[in-house]
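Below: one structure, written as structure tokens.
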Amino acid sequence: MKPFTPDIDWNEKVISIRGLYKSFGENRVLQGVDLDLYKGENIVVLGRSGTGKSVLIKIIAGLLKQDAGTVNVLGQEVSQLKSAELRELRLKVGFCFQHGALYDSMTVGENLAFPLTRNEPGMKREQREKRIEIVLDAVGLSQTIDQMPAELSGGQRKRIGIARTLILRPEIMLYDEPTAGLDPITCIEINNLINEVQKRFKTSSIIITHDLTCAKATGDKIAVLKDGQFIKKGNFDEVFESDDELIREFYDYNFIQ
Ligand SMILES: Nc1ncnc2c1ncn2[C@@H]1O[C@H](COP(=O)(O)OP(=O)(O)OP(=O)(O)O)[C@@H](O)[C@H]1O
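See the structure below:
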């Protein structure tokens, strides 16, 4: 299990969700979700494919609108924000997409510079280069600055995707399936990186996954999503020491298949 994280501030919630509902036509995806993320905490949202994990983080990032319920992020009610306010908030909420979402025609350095030139146009070139240096160092890939994304391995692309999110210095990181499609050793490296980012950049994170090894390594808390609701929350041992049939089923599914 992940060692105790001393830096969590239990007095400050950075995300607070109450009574969240979201359907697509007849497909009722989220049916009364409550969740609190504290400053400095990593929460893993665990659930099988199609349970609504991505929908949840897209609502948090203001990319989708809920049908009912409240989503408070860094003190602001996301659904009430005007588009300029939402843009401001999104700079503080970094979204790490499943496939890294890098631009194939740009070098790694250009991919990293892009969010800065777009969102902080007044920034001096040296400052931009310094920021790029810092995030590349943080993900351990300084040597790739002039490479094209096609020349990188899957794991390296994920790292650069994380660096590109970090470059705007977000307070919250949302990781969408960070270990999907990676071999077990690379998964461990990504899990370690997520924990290093938490420590070094003082971020609070929601990590969505169906990878129990990732959940165990990165989650200060695990929240298991099933049938549109969280059926269990707690640290890894609290969740998985349970005799609850739904939890056992999920555990067995991960380790047997
Ligand atoms: N924009 C959309 N329009 C219609 N249905 C959607 C939309 N986005 C998601 N859904 C549906 O919502 C459900 C949950 O999708 P979601 O992508 O959140 O699952 P997930 O838990 O992240 O799964 P996975 O682990 O496979 O990524 C699915 O049934 C999906 O088809």
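Just so you know, our numbering puts the end of the sequence shown at 473, numbered straight through with nothing missing. Glycine included, each C-beta is placed from N, C-alpha and C at the ideal position.
Residue i, buried or exposed, once every other Cβ within 10 Å from all chains shown has been counted against 16
i    : result
L318 : buried
H315 : exposed
K418 : exposed
A424 : According to the sequence provided, residue 424 is Ile. The question's Ala does not apply to it. Under this definition I424 is a buried residue.
Q372 : buried
A277 : buried
A431 : buried
P386 : buried
Range covered by the beta strand (DSSP E) that runs through residue i
i    : result
E228 : D225 to F240
T425 : S420 to T425
R385 : First-last for R385: undefined, no H or E at that position.
V309 : V309 to C312
G444 : Segment: none, G444 is in no beta strand (DSSP E) and carries neither H nor E.
Three-state secondary structure (DSSP) of residue i
i    : result
D436 : coil
I472 : Caution is warranted here: a pLDDT of 48 is assigned to I472, below 50, making its placement in the model unreliable, and no coordinate value can be reported.
G248 : strand
E293 : strand
T360 : helix
Y467 : helix
N407 : helix
A284 : strand
G370 : helix
D399 : coil
V355 : coil
E457 : coil
P365 : helix
S321 : coil
G377 : helix
Identity of the residues DSSP links to residue i by a beta bridge
i    : result
V261 : I424 and A439
N243 : F240
L253 : I231
D392 : I424
Range of the contiguous alpha helix (DSSP H) that encloses residue i
i    : result
K298 : Per DSSP, K298 belongs to no alpha helix (DSSP H) and is neither H nor E.
N327 : V324 to N335
L272 : K269 to I276
ask   = Going along the chain, which residues put their C-beta within less than 5 Å of some heavy atom in ligand 1?
value = The set, ordered by position in the chain, is F240, V245, S265, G266, T267, G268, K269, S270 and V271.
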